[in-house]
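Residue numbers (our numbering), protein chains in the order written: chain Y, 1 to 312; chain H, 313 to 624; chain C, 625 to 909; chain E, 910 to 1194.
Positions of the beta carbon are idealized from the N, C-alpha and C atoms, including for glycine.
These notes are about the structure you will find just below.
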Amino acid sequence: MTVAFDYSTSIGPTSLPNPILTASGCASSGKELAQFFPITELGAIVTKSIMLKPRSGRATPRMAETPSGMLNAIGLQGPGLELFIENDLPWLHQQGARTIVSIAGETVEDYAILARRIRTQPGVVGIEVNISCPNVENRGLVFSCHPDTARAAMEAVRRNVGGDLPIIAKLSPDVTDIVQIARTVADAGADGVALINTLLGMVIDTRTMRPRLAQKTGGLSGPAIRPVAVRAVYQVREALPHLPIVGMGGISSGQDALEFVLAGAQAVSIGTATFGDPQAAIRIKSELEQLLIERGFSNFSDAVSYAHRAEQ
Amino acid sequence: MTVAFDYSTSIGPTSLPNPILTASGCASSGKELAQFFPITELGAIVTKSIMLKPRSGRATPRMAETPSGMLNAIGLQGPGLELFIENDLPWLHQQGARTIVSIAGETVEDYAILARRIRTQPGVVGIEVNISCPNVENRGLVFSCHPDTARAAMEAVRRNVGGDLPIIAKLSPDVTDIVQIARTVADAGADGVALINTLLGMVIDTRTMRPRLAQKTGGLSGPAIRPVAVRAVYQVREALPHLPIVGMGGISSGQDALEFVLAGAQAVSIGTATFGDPQAAIRIKSELEQLLIERGFSNFSDAVSYAHRAEQ
Amino acid sequence: MSSINKRAKQISAEIISNKKVGAYHHITLTVGEIAQLIKPGNFVAVAVGGEDSRMVLRRAFAIYKSSMDPLDGGIVELVVAPHGSGSKWLCSAPIHSMIDVILPLGKAFGIPVNPVNALLVGGGYGSAPLFGLAEALKAKQCNVDMVLGASTASKIYAPQEGKRSTNSMIFTTDDGSLGLEGMVSSVIPEIIEKNNIEIIYSCGPMAMLEAVTQIAAEYGLQHQCAVEESMACGIGVCMTCVLPVRGEDGIARMVRTCIEGPVMEGSDILWNTGRKVPSEVWGAL
Amino acid sequence: MSSINKRAKQISAEIISNKKVGAYHHITLTVGEIAQLIKPGNFVAVAVGGEDSRMVLRRAFAIYKSSMDPLDGGIVELVVAPHGSGSKWLCSAPIHSMIDVILPLGKAFGIPVNPVNALLVGGGYGSAPLFGLAEALKAKQCNVDMVLGASTASKIYAPQEGKRSTNSMIFTTDDGSLGLEGMVSSVIPEIIEKNNIEIIYSCGPMAMLEAVTQIAAEYGLQHQCAVEESMACGIGVCMTCVLPVRGEDGIARMVRTCIEGPVMEGSDILWNTGRKVPSEVWGAL
Ligand SMILES: Cc1cc2nc3c(=O)[nH]c(=O)nc-3n(C[C@H](O)[C@H](O)[C@H](O)COP(=O)(O)OP(=O)(O)OC[C@H]3O[C@@H](n4cnc5c(N)ncnc54)[C@H](O)[C@@H]3O)c2cc1C
Ligand SMILES: Cc1cc2nc3c(=O)[nH]c(=O)nc-3n(C[C@H](O)[C@H](O)[C@H](O)COP(=O)(O)OP(=O)(O)OC[C@H]3O[C@@H](n4cnc5c(N)ncnc54)[C@H](O)[C@@H]3O)c2cc1C
Ligand SMILES: Cc1cc2nc3c(=O)[nH]c(=O)nc-3n(C[C@H](O)[C@H](O)[C@H](O)COP(=O)(O)O)c2cc1C
Ligand SMILES: Cc1cc2nc3c(=O)[nH]c(=O)nc-3n(C[C@H](O)[C@H](O)[C@H](O)COP(=O)(O)O)c2cc1C
Ligand code: FES
Ligand code: FES
Chain Y
1 MTVAFDYSTS
11 IGPTSLPNPI
21 LTASGCASSG
31 KELAQFFPIT
41 ELGAIVTKSI
51 MLKPRSGRAT
61 PRMAETPSGM
71 LNAIGLQGPG
81 LELFIENDLP
91 WLHQQGARTI
101 VSIAGETVED
111 YAILARRIRT
121 QPGVVGIEVN
131 ISCPNVENRG
141 LVFSCHPDTA
151 RAAMEAVRRN
161 VGGDLPIIAK
171 LSPDVTDIVQ
181 IARTVADAGA
191 DGVALINTLL
201 GMVIDTRTMR
211 PRLAQKTGGL
221 SGPAIRPVAV
231 RAVYQVREAL
241 PHLPIVGMGG
251 ISSGQDALEF
261 VLAGAQAVSI
271 GTATFGDPQA
281 AIRIKSELEQ
291 LLIERGFSNF
301 SDAVSYAHRA
311 EQ
Chain H
313 MTVAFDYSTS
323 IGPTSLPNPI
333 LTASGCASSG
343 KELAQFFPIT
353 ELGAIVTKSI
363 MLKPRSGRAT
373 PRMAETPSGM
383 LNAIGLQGPG
393 LELFIENDLP
403 WLHQQGARTI
413 VSIAGETVED
423 YAILARRIRT
433 QPGVVGIEVN
443 ISCPNVENRG
453 LVFSCHPDTA
463 RAAMEAVRRN
473 VGGDLPIIAK
483 LSPDVTDIVQ
493 IARTVADAGA
503 DGVALINTLL
513 GMVIDTRTMR
523 PRLAQKTGGL
533 SGPAIRPVAV
543 RAVYQVREAL
553 PHLPIVGMGG
563 ISSGQDALEF
573 VLAGAQAVSI
583 GTATFGDPQA
593 AIRIKSELEQ
603 LLIERGFSNF
613 SDAVSYAHRA
623 EQ
Chain C
625 MSSINKRAKQ
635 ISAEIISNKK
645 VGAYHHITLT
655 VGEIAQLIKP
665 GNFVAVAVGG
675 EDSRMVLRRA
685 FAIYKSSMDP
695 LDGGIVELVV
705 APHGSGSKWL
715 CSAPIHSMID
725 VILPLGKAFG
735 IPVNPVNALL
745 VGGGYGSAPL
755 FGLAEALKAK
765 QCNVDMVLGA
775 STASKIYAPQ
785 EGKRSTNSMI
795 FTTDDGSLGL
805 EGMVSSVIPE
815 IIEKNNIEII
825 YSCGPMAMLE
835 AVTQIAAEYG
845 LQHQCAVEES
855 MACGIGVCMT
865 CVLPVRGEDG
875 IARMVRTCIE
885 GPVMEGSDIL
895 WNTGRKVPSE
905 VWGAL
Chain E
910 MSSINKRAKQ
920 ISAEIISNKK
930 VGAYHHITLT
940 VGEIAQLIKP
950 GNFVAVAVGG
960 EDSRMVLRRA
970 FAIYKSSMDP
980 LDGGIVELVV
990 APHGSGSKWL
1000 CSAPIHSMID
1010 VILPLGKAFG
1020 IPVNPVNALL
1030 VGGGYGSAPL
1040 FGLAEALKAK
1050 QCNVDMVLGA
1060 STASKIYAPQ
1070 EGKRSTNSMI
1080 FTTDDGSLGL
1090 EGMVSSVIPE
1100 IIEKNNIEII
1110 YSCGPMAMLE
1120 AVTQIAAEYG
1130 LQHQCAVEES
1140 MACGIGVCMT
1150 CVLPVRGEDG
1160 IARMVRTCIE
1170 GPVMEGSDIL
1180 WNTGRKVPSE
1190 VWGAL
């Protein structure tokens, strides 16, 4: 059965052939997954958050499995901006992949520099601004947990990136009022928001009787957090109906992805599910398409926010 | 093998023969569970949050199962203070159960009245103050999500309850800084904190393509949230080493309970696990005791906060 | 001890048979002596998914039959539709595996003291508890007629032996694949009139129970229906399974269907309130 | 396409045998043609728990043996210790059930071009990949000695047939229940000296690998060890499985053991850094 289904979507000025993205930090820079499916078939590859300088990340153990989820404390291990531009981006560009680069800073100035360097790289179709990072200039408080620092980081990026490249603010769910933060970053010039990053969690090893992770706390991801993520997407969509949303948090099937789309996501990112199934993203792409067609949608955009429609 | 193990614990001025409690709203007022085990063998029964007036609660559907958890929007259904005092408390007292009454208000004044009436009831060994409720006098904002309202509610209770009955503030994890809220309620006179209440979540029904719950959002509980709960307990314990903590969130085995104890909980509450296994609380009581004995503890109190000990 | 759940026990039961019958699975458990305490309308609450499952809640199933078997001792039979993950897990459970079951739960159907003409109406697997009920009524010298409806033939559960205790049995299917085409409600009035029905018992989807309630009201008949609300615990501690039900004092309250039901008087229920709590309900917000 | 994971495939494999051997389970899978691409030291990543499981991460297992069977086609054999929930699930998987496996993964042991005297050291189930390695070395006319250690006899995995390719095999157990009492490290120096060992291969607990590394250094021997770090994905995308490893440029980096390992040169690893990133590591915080 061939159905003329329009799967395309857009995030601010960028349009994508389909709404399925990888989640930052869960697909590295695409090379490792390329063995399992053609990465060009995804809407875009969102790369692991890149920082200015090379970074070792945290000590091990860095992870613990939890019920329907996992805790991680990778600590943004990565080669730093220049090696990333030298090695990873050209490879992605050469494959023909659309790339959304996730950037992470320790200071507001870091974000500005990262954005300026990334914006001109070929193949880059967007910048995801991971502001769920500790601000070294302000007692290590996470940028996205406070309106002022969230705004400062986003303004720094916006000043350095023209209107042709969407900038997407990635928010932490560990806040009293995520709508307030979303509104703040939208005011600061974000073209969209990515919801949600991990929740802060801890596992205690009952054998050693200490925190399992070397870093003590870590970020909770996976199906366990899906209801929190869907709620965040729904709330932000309701309050800010025109702000594009990239939804994520525990998506491991087309059904799960559909929840986010109905709640208001223009695109969805597949994170932890890839660890359990390297083909998760491409599988979810076809599952979601099938579900939308079964429900009578002829294009993806009509399904976005459909759960918000008025009661009959 | 008979081991002289001292399982007793205390929360402020109250001592309990063991640290295993029911979680408010997950054991009603004890009658339903009495068929499955002697409820007097638990440290205490924490009753479903009681409000001033009878309350129908929310419309159905009120719940959805989620990966390793569930969402509920019961909406504090209950008979109201007077019928509760007339029917439920005497039954509990007659059984010989130790009762911690959970109270919930819509206004600061509600909390004061509830506390004043409860404090003199026989069999009551503590008051848990559920401040994870919407404040009708302040745009429905949840009391425990903002330091000012959290403080006001706790001060109202403290003013009405003498030092012989511990008052325990039950906090919501949906805040940017749970330590700040814990500190605030401690300053306002709380003898302890109960961590954590449910996380706000949503499930979208992919068939009807609307939020599954009539109420749209609901509270996420169960093993899925355990890492968030353990983290909250650990953080609050670290910041406020002398404030007693009742830990809860996804405890379904002795191992799980042990995580909370090591993280800093003087007592643990069993919630959602009871729905899957009516004998969960009593089973966990013996599992935890066994694990502590295996690890060489001769009394429960030595294990509390053990994960915070200095590295060798 | 309390009077709530007062005969219920949590036991480990062995699955001794699991057979596909039409769209359903007929599953037999050995439960021991407790089988003797079961009455038609009672249900069981089953822990599903095994140890490392992400399913944390029990699933409720009506008891189709309970008996004392000379070989296996007390047994309980269920009729399960493989619907979502919990029921599919149960339907695929291998013979001799053990499951954790609480039983018997809930209020049973009320059996009249004197013989009456009873109509039993079942939808889909809702027929399950009706056969035991038919037997109990027959034992009281009642006249028992039965109407079973479903979307299609494979979803009518009506084993040959089940017909023993009924005087008549009519099927309806939405697609006409078995019996009459249409819904059960369309044939009920005729049966009521023809067979001089004095009481209706029903079990099935909520929409069907509501329709039957309306018909019963038109004819001024008593109508006991077994409702099916989402249940998290099955034993009265979670408050998820409530329905607005009018009490004897005329006041409507949100009532737990796991302990005050599943069998309730149809006319007491405030049906189809559209995901809202009717304002007349006691303590409504 | 990338060069990372370049021979790996995600397949559905049938369990055709699952036998308890001492403290372990010996599990055989049919994997088809891909069996031919496997080299000693490669591992598989298995999805555990089934559809409704709360376990979301794969589990890595060393490949004990791979071969082309005339009847079953390509097969792979694993030796699994029932430890936590994932491995227990696998150990209790019924014959003929299908599991989702990715293979072959990781860097294999390097096989010398010319014959050498090799010592293979295994701890617990860490012996598993050593038997295939022994065969490969034997095929190159190497002299192969083996030392296997464990806490107790049931945890020594050393099937009779495995001994074919070795010249000598020594066991050590902590409790003395099999072979010599003590740890493998205590017997290694003597073997090195007596048999004129030129290279050591090892697989087992990290503490053992570290001890062997020290001994290898004392004797100036090459030492390839297969490390075992917690892995969430097994394919290089999660960065959980890292170890601080010195590169050819002398700089230590946090390196993914799933794609740059599990086989690594022991002396390149910064061992036992006490849950801290050593400050000399590139990009250390
Ligand atoms: C009193 C009672 C008697 C029942 N008797 C039977 C029976 O005899 N045979 C049978 O096949 N089923 C019966 N059910 C329905 C059964 O309990 C399960 O709800 C159904 O099998 C779906 O569960 P699942 O795990 O397959 O679906 P899932 O979609 O995985 O269920 C998720 C959650 O939603 C709830 N849920 C989903 N559908 C329903 C529903 N229709 N009614 C209530 N809750 C639902 C489940 O209980 C579970 O908590 C009965 C329910 C009740 C309350
Ligand atoms: C390269 C490699 C090869 C391995 N080969 C074998 C083998 O041949 N036979 C065998 O029995 N096991 C082997 N393991 C260990 C195996 O992957 C599992 O970690 C182990 O079976 C415990 O998992 P579990 O689900 O039973 O325990 P759980 O406690 O449920 O595991 C929870 C999580 O912790 C991780 N974890 C727990 N213990 C370990 C450990 N010792 N090492 C690494 N991660 C751990 C698990 O992978 C999982 O993500 C190997 C591991 C690696 C990395
Ligand atoms: C191992 C791991 C590493 C991650 N690294 C990053 C990162 O570098 N930058 C970022 O913005 N988010 C990172 N995340 C968060 C994910 O992108 C995603 O927001 C989160 O995991 C929720 O989605 P999921 O449940 O599908 O994984 C990481 C998550 C995991 C599990
Ligand atoms: C159905 C249900 C009802 C609840 N009702 C209350 C309540 O009335 N008052 C309260 O303070 N917490 C209530 N809670 C929260 C629990 O007491 C507990 O804090 C939370 O569920 C986390 O623990 P758990 O994961 O063990 O369930 C309720 C939870 C559930 C699942
Ligand atoms: S199902 Fe829990 S109260 Fe009825
Ligand atoms: S296990 Fe995921 S990167 Fe190695």
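- Cβ-Cβ separation between Gly201 of chain Y and Pro478 of chain H: approximately 28 Å, too far for a contact (criterion under 8 Å).
- Residues are counted here when their Cβ sits less than 8 Å from a Cβ of chain H; for the region 951-979 of chain E these are Arg963, given in chain order.
- Between the alpha carbons of Pro1114 of chain E and Ile1079 of chain E lies a gap of roughly 18 Å.
- The beta carbon of Ala742 of chain C sits closer than 6 Å to the beta carbons of Leu761, Cys766, Val768, Ile823 from its chain, once the five residues preceding and following it are set aside; these are given in chain order.
- Restricting attention to alpha helix (DSSP H) runs no shorter than 4 residues, the region 367-417 of chain H encloses them at 401-407, ordered along the chain.
- In the structure shown, the three-state DSSP call for Tyr319 of chain H is coil.
- Judged by DSSP in its simplified three-state form, Ser751 of chain C adopts helix.
- For Asp724 of chain C, no alpha helix (DSSP H) encloses it; the enclosing beta strand (DSSP E) starts and ends at 722-729.
- Taking the C-beta atoms as reference points, Cys849 of chain C is found nearer than 8 Å to Ser826 of chain C.
- Summarising the contact set, residues whose Cβ lies nearer than 5 Å to any heavy atom of ligand 1 are, in chain order, H:Glu377, C:Phe667, C:Leu681, C:Arg683, C:Ala684, C:Phe685, C:Ala686, C:Val704, C:Ala705, C:His707, C:Gly708, C:Ser709, C:Gly710, C:Ser711, C:Tyr749, C:Ala752, C:Glu852, C:Ser854, C:Met855, C:Pro886.
- Pro227 of chain Y does not reach chain C, its nearest Cβ partner there being about 13 Å away, counting only Cβ pairs nearer than 7 Å.
- At a threshold of 7 Å, Thr864 of chain C counts as near ligand 5, since its beta carbon sits closer than that to one of the ligand's heavy atoms.
- No Cβ-Cβ contact shorter than 8 Å links Val887 of chain C with Ile812 of chain C.
- For Thr60 of chain Y, at least one C-beta of chain E is nearer than 8 Å to its own C-beta.
- For the pair Ile920 of chain E and Ile943 of chain E, the Cα-to-Cα distance works out to about 10 Å.
- Against chain Y, the CB of Ile516 of chain H has a partner CB under 8 Å away; the residue lies at that interface.
- Taking Asn1104 of chain E as reference, the option from E:Gly1091, E:Thr1075, E:Gly995 with the minimal CA-CA separation is E:Thr1075.
- Of all residues in the region 363-397 of chain H, those with a C-beta nearer than 8 Å to a C-beta of chain E are Pro379, Ser380, reading in chain order.
- In the DSSP assignment, Val869 of chain C falls within the unbroken beta strand (DSSP E) covering 866-870.
- Rounded to whole angstroms, the gap between the alpha carbons of Arg495 of chain H and Asp164 of chain Y is 47 Å.
- In the assembly as shown, Asp589 of chain H is a buried residue. Its beta-carbon has 16 or more other beta-carbons within 10 Å.
- When secondary structure is reduced to three states using DSSP, Arg1162 of chain E falls in the strand class.
- Gly958 of chain E sits away from Gly993 of chain E, with the two beta carbons spaced by 8 Å or more.
- Of all alpha-carbon atoms in Y:Tyr306, Y:Lys48, Y:Ala273, the one lying nearest the alpha-carbon of Leu81 of chain Y is that of Y:Lys48.
- Within its own chain, the residues whose Cβ lies closer than 8 Å to the Cβ of Leu16 of chain Y, once the five positions on either side in sequence are excluded, are Ser8, Thr9, Ser10, Gly43, Ala44, Arg98, Val125, Ala267, listed in chain order.
- Taking 7 Å as the cut-off, one finds no heavy atom of ligand 2 near enough to the beta carbon of Leu291 of chain Y.
- Contact annotation for Tyr234 of chain Y against chain H: Met514, Ile516, Pro523, Lys528, Thr529 [CB-CB distance below 9 Å, chain order].
- Between the alpha carbons of Ile397 of chain H and Glu344 of chain H lies a gap of roughly 18 Å.
- For the pair of segments examined, the region 58-66 of chain Y was found not to touch the region 133-145 of chain Y: the number of CB pairs separated by less than 8 Å stays below three.
- Counted as a single uninterrupted DSSP element, the alpha helix (DSSP H) harbouring Asp148 of chain Y occupies residues 147-160.
- In this structure Val441 of chain H does not touch Leu507 of chain H by the C-beta definition: roughly 13 Å separates them, more than the 8 Å allowed.
- Contact holds between the region 1005-1014 of chain E and the region 943-956 of chain E, because three or more Cβ pairs, one in each stretch, are under 8 Å apart.
- Under DSSP, Val441 of chain H shares a beta bridge with H:Ile415, H:Ala481.
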